[in-house]
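Chains L and U, in that order, are what the protein sequence lines are. Just so you know, the first sequence maps onto residues 1 to 255 in the numbering used here. Just so you know, the second sequence maps onto residues 1001 to 1255 in the numbering used here. Cβ atoms here follow ideal geometry from the backbone N, Cα and C, with glycine treated the same way. Worksheet for the structure shown next.
Protein chains: 2
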Amino acid sequence: MEKITTVVPKSLEEAYTFLKSRIHERMVIIVVGNCRVEYEGRAASRISEGERILIIKKDKAVLLHRPFGYEPINWQPSSSIVSISLQKDSVRMDFIRDRPHEVLRLEFRDIFFIGCYRIEDHAVFEMYGCEKDMQEAIVLEPEAIEDGLNILEVEKKISCGVIDVYGMDKDGRIVIMELKKDKAGKEAVLQLKRYVNVIGRELGKNRVRGILVAPDVKSDAFKLLKELNLEFKRFTPKMARRIIRKHKVKTIDKY
Amino acid sequence: MEKITTVVPKSLEEAYTFLKSRIHERMVIIVVGNCRVEYEGRAASRISEGERILIIKKDKAVLLHRPFGYEPINWQPSSSIVSISLQKDSVRMDFIRDRPHEVLRLEFRDIFFIGCYRIEDHAVFEMYGCEKDMQEAIVLEPEAIEDGLNILEVEKKISCGVIDVYGMDKDGRIVIMELKKDKAGKEAVLQLKRYVNVIGRELGKNRVRGILVAPDVKSDAFKLLKELNLEFKRFTPKMARRIIRKHKVKTIDKY
DNA sequence: GCCTAGGTCCCGTTA
DNA sequence: TAACGGGGCCTAGGC
């Protein structure tokens, strides 16, 4: 059970024999070779022969990469069922998943390289600067939005969706906040408007304000916002991070 | 200039020397090793040490994959600027892109394997069963949607977006069609509503119809559709393919 | 450059 | 299970 095994096969038969013995094991397998591809499932695709890189991961996620570009040209999400067979002039691999039923078939006319890697990665991935951070920061420090604001609820579920942050201003009016980590577009404005309408119908229109909270708004979206009598407050993921860090320090200081 | 070169380096120095000499060449490089990662750009992330697979493509698209899962844990889209350096206990690689400015830094504490592949892939990728197919089919055979329908325009640009298919029904009313290849949700309904509003304001509300054309609608979306006085017509990518194939045969028959 | 919209999007969360 | 929204989404097409 070596950590790494690599083969530069001299024939398709050799490649097939090697792959067959490992393809069902829980390891990462990389195959470099010339293949054509057919996919059928939610959509359908085909591509004729070309030199590509196939990655089969431990969880049977499958990626077929061209020598350029960020995205795989074909793929199968994790838990696909793998089968391999030796054809007359090719090594065929089928990757099948159910729900939805999708079949990815590779036909390798040539295999240049096979690598098998028994690798482990249990680290925890940490991400900052996402919408969740903005929400957390506003809860910690509502005055970052405006003085006298009180947060009543986050992720408040209403009939037609979820309100990111729900609060009350110093004059007792309800404040509905829609957060965006990027420059906000029209959908964000209309989303906010729907929430304001629903709550407005319940509590009375002039008792409800809607604030789009984002680093920026697209110009058309800003026009729409004004037309719909909504507000905009600039707030960025970076500002959120600063607030969160500050409050973490405070919490630590207490002890 | 071999097509494939692989190395199982005995030291970080060896790995560094090898990588340094090839990392700027137009080839695909795969590195398997133990690294930690920091990313800063639109957001920020960090992950501590773990065994991962790095792929640097010919166009300097960069993918860092864990041994499981479909998605890369960190990445850089094509055209990133690559640099590599030997640190005290690690090989460091920086991948930088501008607009937006983003930095991805990998710190390899251990490198198990390096592979370099000079591969070519010029094949054309063909995809079927996408929204474009539905559009094409409706143009070829408008009666697939309803009798007496006339198509006037596709991809019609209006102030707030693009109308997939724009036509006129047998009674002379404008028909705005929003296509979805999958079960349609609320966004699709709202998208359609926006277009109908805009055109309705121009031509008069009762002169304009909106039809959501999709294989299915989500139940809440259907309610919303009815409330907003819009229509639904079932139409699938498969039905579209059949129509397109039929018309291709006809075209061939002519000659 | 910005904006719009699609994607075999994937993925997590929740009713 | 379906529905909904986020994402460093990426990518293509317009203007």
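Looking at the DSSP output, residue 33/L shares a beta bridge with 52/L, 111/L. Measuring C-alpha to C-alpha distances from residue 1231/U to each of 1246/U, 1209/U, 1245/U, 1219/U identifies 1209/U as the nearest. Note that the C-beta distance between residue 1035/U and residue 1012/U is not below 9 Å. Contact between the region 1133 to 1145 of chain U and the region 1077 to 1086 of chain U is absent: fewer than 3 CB-CB pairs across the two stretches fall below 8 Å. Beta-bridge partners of residue 6/L (DSSP): 115/L. No Cβ of chain U is located within less than 9 Å of the beta carbon of residue 11/L. Bounds of any beta strand (DSSP E) do not take in residue 1137/U; it lies within the alpha helix (DSSP H) bounded by 1131 to 1140. In this structure, residue 100/L and residue 42/L form a Cβ contact; the two beta carbons are roughly 6 Å apart against a cut-off of 8 Å. Residues of the region 10 to 30 of chain L with a Cβ closer than 7 Å to any Cβ of chain U, in chain order: 28, 30.
Residue 7/L is classed as buried because its beta carbon has at least 16 other beta carbons within 10 Å across all chains shown.
Straight-line measurement puts the Cα of residue 40/L at about 34 Å from the Cα of residue 161/L. As a beta-bridge residue in DSSP terms, residue 150/L pairs with 168/L.
By the 16-neighbour rule on beta-carbons within 10 angstroms, residue 1186/U is buried. With a cutoff of 9 Å on beta-carbon distance, residue 179/L and residue 235/L are scored as near each other. Using a Cβ-Cβ cut-off of 9 Å, residue 237/L is close to 1042, 1043, 1044 of chain U, given in chain order. In the structure shown, the three-state DSSP call for residue 228/L is coil.
Looking only at 147/L, 183/L, 181/L, the smallest Cα-Cα distance to residue 172/L is reached by 147/L.
Across the structure, residue 54/L and residue 120/L are spaced so that their CA atoms are roughly 19 Å apart. Using a Cβ-Cβ cut-off of 7 Å, residue 190/L is close to 1190 of chain U, given in chain order. Within the region 99 to 132 of chain L, those residues whose Cβ lies closer than 8 Å to any Cβ of chain U are, in chain order, 112, 113, 115, 117, 119, 120, 121, 122, 123, 124, 125, 126, 127, 128, 129, 130. The residues 166, in chain order, have a CB closer than 7 Å to that of residue 153/L in the same chain once the five nearest residues on each side in sequence are set aside. A straight line joining the alpha-carbon of residue 15/L with that of residue 1004/U spans about 16 Å.
In the DSSP assignment, residue 1106/U is bridged to 1037/U, 1093/U. When beta bridges are read from the DSSP output, residue 76/L appears opposite 62/L. Taking 9 Å as the cut-off, the Cβ atoms of residue 52/L and residue 32/L count as close. The shortest C-alpha to C-alpha distance from residue 1030/U to any of 1123/U, 1111/U, 1156/U is the one to 1111/U. Between residue 246/L and residue 214/L, the CB-CB gap reaches or exceeds 9 Å.
For residue 1070/U, there is no enclosing alpha helix (DSSP H), since its DSSP letter is neither H nor E. A direct Cα-Cα distance of roughly 46 Å separates residue 1061/U from residue 1227/U. For residue 1015/U, the uninterrupted alpha helix (DSSP H) segment begins and ends at 1012 to 1022. In the structure shown, residue 1159/U adopts coil according to DSSP, grouped into three states. In the DSSP assignment, residue 214/L falls within the beta strand (DSSP E) that extends over 208 to 214. With a 10 Å radius around the Cβ and a threshold of 16 neighbouring Cβ atoms, residue 19/L comes out buried.
With the criterion set as a beta carbon lying under 7 Å from some beta carbon of chain L, the members of the region 1066 to 1097 of chain U are 1066, 1067, 1068, 1069, 1070, 1073, 1075, 1077, 1078, in sequence order. If you draw a 10 Å sphere on the C-beta of residue 194/L, you find 16 or more other C-beta atoms in it, and that means buried.
Between residue 172/L and chain U, the shortest Cβ-Cβ separation is not below 9 Å.
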